[in-house]
Amino acid sequence: MKRLIVLGFVVMFTIALTGYSVAAEYVGSSACFKCHPDEYNDFVVSGHPYKLSKAKDAMKRPIPLPKGYSWDDISYVIGGAYKKSRYIDKKGYIITAGKDGSDLKTQYNIETGTWSYYHKGQKKPYTCGACHTTGYRKEGHQDGMEGIKGTWAFPGIQCEACHGPGGDHVKSGGKTGMKVDTSAAACGKCHVRGNPAKVPAKKGFIRHHEQYPELLAGPHKDLDCVTCHNPHKKYKFSIKMECSSCHHAQTSAFKGSVMEQVGVECKDCHMPRATKSAVKYGKYSGDIRTHIFRINTDANADMFYSEKVKGKKKTFARGFVTLDFACLNCHKNKDRKWAASKAKGIHTYGK
Numbered sequence: 006m007k008r009l010i011v012l013g014f015v016v017m018f019t020i021a022l023t024g025y026s027v028a029a030e031y032v033g034s035s036a037c038f039k040c041h042p043d044e045y046n047d048f049v050v051s052g053h054p055y056k057l058s059k060a061k062d063a064m065k066r067p068i069p070l071p072k073g074y075s076w077d078d079i080s081y082v083i084g085g086a087y088k089k090s091r092y093i094d095k096k097g098y099i100i101t102a103g104k105d106g107s108d109l110k111t112q113y114n115i116e117t118g119t120w121s122y123y124h125k126g127q128k129k130p131y132t133c134g135a136c137h138t139t140g141y142r143k144e145g146h147q148d149g150m151e152g153i154k155g156t157w158a159f160p161g162i163q164c165e166a167c168h169g170p171g172g173d174h175v176k177s178g179g180k181t182g183m184k185v186d187t188s189a190a191a192c193g194k195c196h197v198r199g200n201p202a203k204v205p206a207k208k209g210f211i212r213h214h215e216q217y218p219e220l221l222a223g224p225h226k227d228l229d230c231v232t233c234h235n236p237h238k239k240y241k242f243s244i245k246m247e248c249s250s251c252h253h254a255q256t257s258a259f260k261g262s263v264m265e266q267v268g269v270e271c272k273d274c275h276m277p278r279a280t281k282s283a284v285k286y287g288k289y290s291g292d293i294r295t296h297i298f299r300i301n302t303d304a305n306a307d308m309f310y311s312e313k314v315k316g317k318k319k320t321f322a323r324g325f326v327t328l329d330f331a332c333l334n335c336h337k338n339k340d341r342k343w344a345a346s347k348a349k350g351i352h353t354y355g356k
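Numbering of the sequence shown is given in the working numbering, commencing with residue 6 and proceeding in unit increments.
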């Protein structure tokens, strides 16, 4: 661990970028361990640090490569923690085809063990550094690779991506403060795709990493993400505030109902998997839970709509989920008209 700390200080003073060096204030997450071991240990197994990894680090994890490629062909891996992995070649371009330019599925879907196309056959530069790295600068090309737009201090979302550069904090022995922004907007810098007033959708699902616009579109827009989540922890274990903490009347009504007895939870209906990152499990089931919460019980309600943005037709989601997502993932042999007939009084159903 001492070696990791020393390495962190080395990176703090000088980071070699394309054609020039920059005196940097970023020390790396390993430097945080000494004083914040609990937060570090939670963070290091979360998805954040794996948004982008150097190939030499990613190859230590059980991540397969696209057919025909070896680790000698890979510079970075995008993701590879929970949902999917994509790959960057030695010129900095995201791999979208076979080495000879042939048709090839190049996105690996972790939960299903399947491969998907990603921008099939396109020459795809890596432009995601602003949200996938720490200490990002839009100028230059990381590691001198033409396909990568911008440079960074560290790949992945490290501690300093949210708390700011830690050089002064470490040098002062913790006497100088770090940034602690608990607002939803802080998370929303990355958990958004474009305009936060719109919830982007595609092919019948909300697009991934849209939790901030989803939150703003729903009834919990005045809450912060950290009200319910511990941001350091892996998402599956991050909940620190349950629905029952605030929704006392609904919790009381739901207790003892048929739905409660068979194991249905609030999130199953109010946070259905209406969002898709890597794969979908059914017509109304993606692989990420929505943060819209509000259910529209009108059988004819339409969750999605389209409009032109800069001359192109775009699809968006409204500020509610419909009964197909809320009910029909379990009641697969029913329809929305049936669901609407049961929706009123569902919290006390069977009592």
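Glycine included, each C-beta is placed from N, C-alpha and C at the ideal position.
In this text the structure is predicted, and so the values were computed from the model without any measurement.
From the DSSP output, in three-state form, read off residue i for me.
i      : result
His234 : strand
Thr353 : helix
Thr256 : helix
Thr207 : Residue 207 is actually Lys in this sequence, not Thr. Residue state, collapsed to three classes: strand.
Tyr92  : strand
Val82  : strand
Phe298 : coil
Arg341 : helix
Gly155 : strand
Tyr5   : A query on residue 5 cannot be resolved here, the shown segment of the chain reaching from 6 to 356 and no further.
Phe325 : coil
Phe330 : helix
Lys194 : coil
Glu44  : helix
Gln127 : coil
Excluding the 5 residues flanking residue i on each side, which residues of the same chain have their C-beta closer than 7 Å to its C-beta?
i      : result
Lys184 : His168, Gly169
Tyr310 : Phe321, Arg323
Phe259 : Glu265, His352
Arg210 : Reading off the sequence shown, one finds Phe at residue 210, where the question assumed Arg. Excluding residues within five positions, the ones whose Cβ falls inside 7 Å are Ala279, Thr280, Lys281, Lys285, Gly291.
Find out if the Cβ-Cβ distance for the pair residue i, residue j is shorter than 7 Å.
i      : j      : result
Gly85  : Ile68  : yes
Gly268 : Lys281 : no
Ala158 : Gly182 : no
Glu144 : Tyr31  : no
Met276 : Arg294 : yes
Lys59  : Tyr98  : no
Glu219 : Val197 : no
Ala222 : Ile297 : yes
Ala189 : Asp229 : yes
Gly355 : Ser249 : no
Thr111 : Pro71  : yes
Cys136 : Cys195 : yes
Lys88  : Ala344 : no
Lys96  : Met150 : yes
Can you find the residues in the same chain that come closer than 6 Å, C-beta to C-beta, to residue i, ignoring five residues on each side of it along the sequence?
i      : result
Gly134 : Tyr141, Gly155, Trp157
Tyr45  : Cys37, Phe38
Ala102 : Leu109, Gly126
Val367 : Here the chain has residues from 6 to 356 only, and residue 367 is not among them.
Thr256 : Ser249
Round the Cβ separation of residue i and residue j to the nearest angstrom and send it over; I've been treating them as touching at under 8 Å.
i      : j      : result
Ser90  : Ile115 : 7 Å
Ala63  : Val82  : 4 Å
Lys238 : Asp47  : 5 Å
Ala331 : Ile300 : 5 Å
Pro54  : Gln147 : Not quite, the Cβ-Cβ distance comes to about 17 Å (not below 8 Å), so this is no contact.
Go ahead and label residue i buried or exposed: buried means 16 or more other beta carbons lie within 10 angstroms of its beta carbon, across all protein chains shown.
i      : result
Lys56  : buried
Glu270 : exposed
Glu247 : exposed
Ser51  : buried
Tyr289 : buried
Arg212 : buried
Thr327 : buried
Asp303 : exposed
Gly316 : exposed
Ser26  : In this prediction, Ser26 has a pLDDT of 36, which is less than 50 and means its spatial position is unreliable; nothing more can be read from the coordinates.
Val201 : Just to set this straight, residue 201 is Pro in the shown sequence, not Val. Under this definition Pro201 is a buried residue.
Thr19  : In this predicted model, Thr19 has a pLDDT of only 39, less than 50, meaning its place in the structure is not dependable; the value taken from the coordinates is given anyway. Thr19 should be labelled exposed.
Pro160 : buried
Glu215 : buried
Cys335 : exposed
Grab me the residues of residue i's own chain with a C-beta within less than 8 Å of its C-beta, minus the 5 sequence neighbours each way, in chain order.
i      : result
Asp94  : Asp78, Ile79, Ser80, Ile100, Gly152
His252 : Cys271
Less than 7 Å between CB atoms is the rule here; does residue i satisfy it with respect to chain C?
i      : result
Val185 : This model lacks chain C altogether, as it is built from one protein chain only.
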